[in-house]
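Visitor: Residue numbers (our numbering): 485 to 561. Yeah, the Cβ is synthetic: ideal placement off N, Cα and C, and Gly gets one too. Because the structure is a prediction, the values reported are computed rather than measured. Here's a structure for you.
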């Protein structure tokens, strides 16, 4: 698209030095045109964090549930 290396795009995204004004404007135009937004999951993976926690609430269950500690089937109480 912009004909530049991904490290150049990274420099533009993080407002770092080492990119000419012409290239910076060209890359920024594409970023704006495509409405680029950083992916929070991708950022967390890079930082090796786990930002998403999923919980499940079961109400009035009359079935058997799996105990995730040993994957055996236990009656729900």
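Just how far apart, CA to CA, sit residue 514 and residue 525?
Guide: For the purposes of this step, residue 514 is identified with residue 30 of the chain shown, where counting begins at 1. For the purposes of this step, residue 525 is identified with residue 41 of the chain shown, where counting begins at 1. Spanning the two alpha carbons is a distance of roughly 22 Å.
Visitor: Residue 504 by DSSP, collapsed to three states: which one?
Guide: Residue mapping note: residue 504 aligns to position 20 of the chain shown, counting from 1. Note: residue 504 maps to coil in three-state DSSP.
Visitor: How many angstroms separate the CA atom of residue 486 from the CA atom of residue 502?
Guide: Position 2 of the chain shown, counted from the start, is the residue given in the question as residue 486. Position 18 of the chain shown, counted from the start, is the residue given in the question as residue 502. Roughly 16 Å separates the two Cα atoms.
Visitor: Are residue 511 and residue 540 touching if we call contact CB-CB under 8 Å?
Guide: As a first step, residue 511 must be located in the chain shown, where it is residue number 27. As a first step, residue 540 must be located in the chain shown, where it is residue number 56. Cβ distance not < 8 Å, so residue 511 and residue 540 don't count as in contact.
Visitor: With a threshold of 6 Å on Cβ separation, who are the neighbours of residue 493 within its own chain once the five nearest residues in sequence on each side are excluded?
Guide: Along the chain shown, read from residue 1 onward, the residue named residue 493 stands at position 9. Excluding positions up to five away in sequence, the list reads 511.
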